[in-house]
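Engineer: Using the working numbering, read the sequence shown as starting at 6 and increasing by one per residue.
To start, I am sharing the structure in question, which I have written as structure tokens.
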Amino acid sequence: MGELRRLIGWTVVASLCVAAFTAILAILSGDFDDTDGRVIATSVVFGISTAIAGTGAALRYRDRASLRTLGLATIGLTAASFVLFVVALWPDADGEDAWRWFGCVGFATLAASHASLVLGALRATDGSTLRTMAQASIVLAVVDAMIAILVVGEFIEDVDEGPAKAVAVLVVLLVLTSALQPIVRRLQRAPRDVRREPSESMAGEVLAAADRIEALNADPGNRSSEIRRECERLRKLARTHGA
Numbered sequence: 006m007g008e009l010r011r012l013i014g015w016t017v018v019a020s021l022c023v024a025a026f027t028a029i030l031a032i033l034s035g036d037f038d039d040t041d042g043r044v045i046a047t048s049v050v051f052g053i054s055t056a057i058a059g060t061g062a063a064l065r066y067r068d069r070a071s072l073r074t075l076g077l078a079t080i081g082l083t084a085a086s087f088v089l090f091v092v093a094l095w096p097d098a099d100g101e102d103a104w105r106w107f108g109c110v111g112f113a114t115l116a117a118s119h120a121s122l123v124l125g126a127l128r129a130t131d132g133s134t135l136r137t138m139a140q141a142s143i144v145l146a147v148v149d150a151m152i153a154i155l156v157v158g159e160f161i162e163d164v165d166e167g168p169a170k171a172v173a174v175l176v177v178l179l180v181l182t183s184a185l186q187p188i189v190r191r192l193q194r195a196p197r198d199v200r201r202e203p204s205e206s207m208a209g210e211v212l213a214a215a216d217r218i219e220a221l222n223a224d225p226g227n228r229s230s231e232i233r234r235e236c237e238r239l240r241k242l243a244r245t246h247g248a
């Protein structure tokens with residue numbers, strides 16, 4: 006997982022550097038034309054697409070087949086949306102239709118990436134409230150994306166004030182349920198560490214250590230030293246509990 010994050014990070018860095026270098030050359034030459042703008046936009050969007058695809062790639066080592074399928078779908082949608090963006094941006098294309106297709110696939114990509122992020126962040130120690138919140142945010146993202154696709158694809162032409170307000174409310178709820186998840190996760194863990202019984206505390210620590218070992222084992226790099234530290238931590242927990 007660490008190697009994947011580094012690869013994605015360096016790809017984003019390279020894309021931004023290409024965009025910046027192109028902009029600098031255009032400024033210094035005093036001739037900023039449409040081609041320069043397209044190169045900059047393509048480089049920036051490629052970097053963004055790489056980061057979005059990374060949310061799906063992070064699920065490729067998960068045990069659940071549904072998560073791996075979601076990860077592959079996110080990667081595929083991201084690649085398709087980037088290709089459509091390039092087709093729409095560069096000349097000799099039917100611009101209006103190309104942009105419409107890019108918008109539809111782009112919103113589907115955002116919904117899939119959001120689901121990958123939310124499900125990838127879930128842990129065995131997360132409570133029912135947090136899981137319900139995660140499910141709600143995924144449903145809201147899918148509904149919002151479907152509405153956006155219908156509008157961008159011109160399946161819906163006229164939107165009255167009432168439906169528009171309802172959509173705005175759904176977007177606000179999506180932002181709320183997404184932003185609250187990491188906060189609630191921290192708040193739920195802190196009091197439990199202080200108040201729960203010793204056996205419950207140990208069980209939570211064992212589950213957390215198991216999650217860390219699973220993540221380390223999934224990493225293609227050599228993480229044997231970190232895995233040994235986690236195993237030693239489990240032995241200490243067992244000795245302390247046995248005492």
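Even for Gly, the Cβ is constructed at its ideal location relative to N, Cα and C.
Please read all numbers here as calculations on a predicted model, not as lab measurements.
#1: Kindly list the residues whose CB is nearer than 6 Å to the CB of residue 144, restricted to its own chain and excluding five residues on each side of it in sequence; keep chain order.
#2: What's the gap between the Cα of residue 182 and the Cα of residue 17?
#3: Is there at least one non-hydrogen atom of the ligand SAM closer than 6 Å to the beta-carbon of residue 111?
#4: Apart from the five residues on each side of it in sequence, which residues of its chain come closer than 8 Å, Cβ to Cβ, to residue 186?
#5: Rounded C-beta distance between residue 20 and residue 51? I'm assuming under 8 Å.
#6: In whole angstroms, what separates the C-alpha of residue 3 from that of residue 39?
#7: Please name the residue in 56, 146, 121 whose C-alpha comes closest to that of residue 172.
#8: Kindly list the residues whose CB is nearer than 8 Å to the CB of residue 33, restricted to its own chain and excluding five residues on each side of it in sequence; keep chain order.
#9: Is the region 59 to 76 in contact with the region 24 to 33, if contact means three or more CB pairs nearer than 8 Å?
#10: Is the beta carbon of residue 214 closer than 7 Å to that of residue 235?
#11: Kindly indicate the opening and closing residues of the alpha helix (DSSP H) around residue 45.
#12: Do the CB positions of residue 78 and residue 93 come within less than 7 Å of each other?
#13: Along the chain, which unbroken stretches of the beta strand (DSSP E) at least 3 residues long are found entirely within the region 113 to 172?
#14: Apply the 10 Å Cβ neighbour rule to residue 199 and answer buried if 16 or more other Cβ atoms are within range, or exposed otherwise.
#15: For residue 44, is the classification buried or exposed, using 16 other Cβ atoms within 10 angstroms of its Cβ as the cut-off for buried?
#16: Quick check on residue 128: buried or exposed, where buried means 16 or more other Cβ atoms within 10 Å of its Cβ?
#17: For residue 24 and residue 53, I'd like the C-alpha separation in whole angstroms.
#18: Considering only C-alpha positions, which residue in the set 156, 88, 148, 60 is nearest to residue 47?
#19: Do you know offhand how far residue 113's Cα is from residue 80's?
#20: Using a Cβ-Cβ cutoff of less than 7 Å, which residues in the same chain neighbour residue 106 once the five nearest sequence positions on both sides are dropped?
#21: Assign residue 179 to buried or exposed, taking buried as 16 or more other Cβ atoms, counted over all protein chains shown, within 10 Å of its Cβ.
#22: Considering only the alpha carbon of each residue, which of 192, 14, 174, 55 lies closest to residue 148?
Structural biologist: Result, derived from the coordinates:
#1: none
#2: 28 Å
#3: This structure simply doesn't include the ligand SAM, nor any ligand for that matter.
#4: 123, 126, 135, 138, 139, 142
#5: 5 Å
#6: Since the first residue shown for the chain is 6 and the last is 248, residue 3 is missing from the structure and cannot be characterised.
#7: 146
#8: none
#9: no
#10: yes
#11: 39 to 62
#12: no
#13: none
#14: Reliability fails at residue 199, whose pLDDT of 45 lies under 50, so the model's placement of it is uncertain and the value that follows must be treated cautiously. Residue 199 should be labelled exposed.
#15: buried
#16: exposed
#17: 12 Å
#18: 88
#19: 12 Å
#20: 89
#21: buried
#22: 174
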